[in-house]
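Participant:
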Amino acid sequence: MDTTDRPPAPARAPGLPHVWAGLALSCHPGPAAAVTVLVAALAVASGPGTGRQVLVTAAVLTGQLSVGWCNDAYDALRDAEAGRRGKPVARGASDPGTVWAAAFAALALCVVLSFACGAAAGAAHLTGVVAAWAYNLRLKETPLSWLPYAIGFGSLPCLVALSLPGGPWPAWWAVAGGALLGVAAHLGDVLPDIEADLRAGVRGLPQRLGAARTRLLLPLPLAGATAVLVLGPPGAPGGPAVAVLGGVAVCAVVVTTVCAGPRRGGIWRKGALAGTVLVASADVALLLARGTGVA
Numbered sequence: 241m242d243t244t245d246r247p248p249a250p251a252r253a254p255g256l257p258h259v260w261a262g263l264a265l266s267c268h269p270g271p272a273a274a275v276t277v278l279v280a281a282l283a284v285a286s287g288p289g290t291g292r293q294v295l296v297t298a299a300v301l302t303g304q305l306s307v308g309w310c311n312d313a314y315d316a317l318r319d320a321e322a323g324r325r326g327k328p329v330a331r332g333a334s335d336p337g338t339v340w341a342a343a344f345a346a347l348a349l350c351v352v353l354s355f356a357c358g359a360a361a362g363a364a365h366l367t368g369v370v371a372a373w374a375y376n377l378r379l380k381e382t383p384l385s386w387l388p389y390a391i392g393f394g395s396l397p398c399l400v401a402l403s404l405p406g407g408p409w410p411a412w413w414a415v416a417g418g419a420l421l422g423v424a425a426h427l428g429d430v431l432p433d434i435e436a437d438l439r440a441g442v443r444g445l446p447q448r449l450g451a452a453r454t455r456l457l458l459p460l461p462l463a464g465a466t467a468v469l470v471l472g473p474p475g476a477p478g479g480p481a482v483a484v485l486g487g488v489a490v491c492a493v494v495v496t497t498v499c500a501g502p503r504r505g506g507i508w509r510k511g512a513l514a515g516t517v518l519v520a521s522a523d524v525a526l527l528l529a530r531g532t533g534v535a
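Just add 240 to wherever you are in the sequence shown, counting from 1, and you've got this note's numbering.
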């Protein structure tokens, strides 16, 4: 049978499993899961109320999903030009319109769930989510690129505290510690991609500083967060907390003077990132240990 004149078969629309897989990979699943689990643990540690804990967790999850989808949809062209194969939208495996629709749907659900935690709690959380969207759409290319991270992470203890019965104000040290961790998260997240970002024209604070200076700056907000979480709560800090503070100080010195030296590379540069993760984990443990005192 002659098939030379047969018209090409129409392209098939991606199946539902393919669409869901693309959405799952486009939401920044690692960071979204990490932040959600952290806040869920903090909500449980802050006091009773299973319904409240579920609402807080769901609000944070939908907020994180909306931010991740917004980021990948908005940066699709830039990610494609940079050859980032881990981005389904950038490589054409996911439809940008579908990802944008998912982002706005998650944002709408986040609004409902956030205000279900209380008016003040909802306003605090949505301030952080709006800041994250502002980062995606504009602020990541400015010297204020660190600010949405500070606002976003600082809003999480506010959500947990204000969702408690009576809506108590969050402890200042919990908010300050979260904000400093947010700044560190921004520096650590951008650090591996600074050169590619500069080629793409992205000039946030870390890109303007350059990789070497960013690596030197990174331990400072981590050490500051640790000091706030150890010394901020009322009462004398316990021995383990003081030991953590001392360990973080030593780690900061090692990272800034050894791992971040201008001629260091390879394992030394990876050591700087590993030290950052270690210190951040200690800070999270301190925050969880103080869970009942966040308000």
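Virtual Cβ for every residue (Gly too), placed ideally from N, Cα, C.
No experiment lies behind these values; they were computed from the predicted model shown.
(1) Compare the Cα-Cα distances from residue 405 to each of 350, 336 and 360 and report the closest residue.
(2) Straight-line CA distance for residue 376 to residue 310?
(3) Is DSSP giving residue 334 helix, strand or coil here?
(4) On the three-pair Cβ rule with 8 Å, is the segment 433–444 touching the segment 398–413?
(5) For residue 305, which residues from the same chain have a beta carbon less than 7 Å from its beta carbon, with the 5 sequence-adjacent residues on both sides left out?
(6) Straight-line CA distance for residue 440 to residue 278?
(7) At what residues does the alpha helix (DSSP H) containing residue 535 begin and finish?
(8) Give the secondary structure of residue 315 by DSSP, where H, G and I count as helix, E and B as strand, and everything else as coil.
(9) Taking the beta carbon of residue 394 as the centre, do at least 16 other beta carbons fall within 10 Å, making it buried, or is it exposed?
(10) Here's the rule: buried if 16 or more other CB atoms are within 10 angstroms of the residue's CB, otherwise exposed. What is residue 308?
(11) Just curious, the alpha helix (DSSP H) that residue 435 is in, first and last residue?
(12) Of the residues 285, 296 and 292, which one's Cα is nearest the Cα of residue 276?
Facilitator: On the basis of the data shown:
(1) Ranking the options by Cα distance to residue 405, first place goes to 360.
(2) The alpha-carbon atoms of residue 376 and residue 310 are separated by roughly 7 Å.
(3) The three-state secondary structure of residue 334, taken from DSSP, is coil.
(4) The count of Cβ pairs closer than 8 Å, one atom from the segment 433–444 and one from the segment 398–413, stays below three, leaving the stretches out of contact.
(5) Closer than 7 Å at Cβ, skipping near neighbours: 267, 272 and 346.
(6) Their Cα atoms are separated by approximately 33 Å.
(7) Premise fails: residue 535 is in no alpha helix (DSSP H) and is neither H nor E.
(8) For residue 315, the three-state secondary structure derived from DSSP is coil.
(9) Residue environment for residue 394: buried (at least 16 other C-beta atoms within 10 angstroms of its C-beta).
(10) Residue 308 should be labelled buried.
(11) Residues 434–440.
(12) If we check each option's Cα against that of residue 276, 296 comes out closest.
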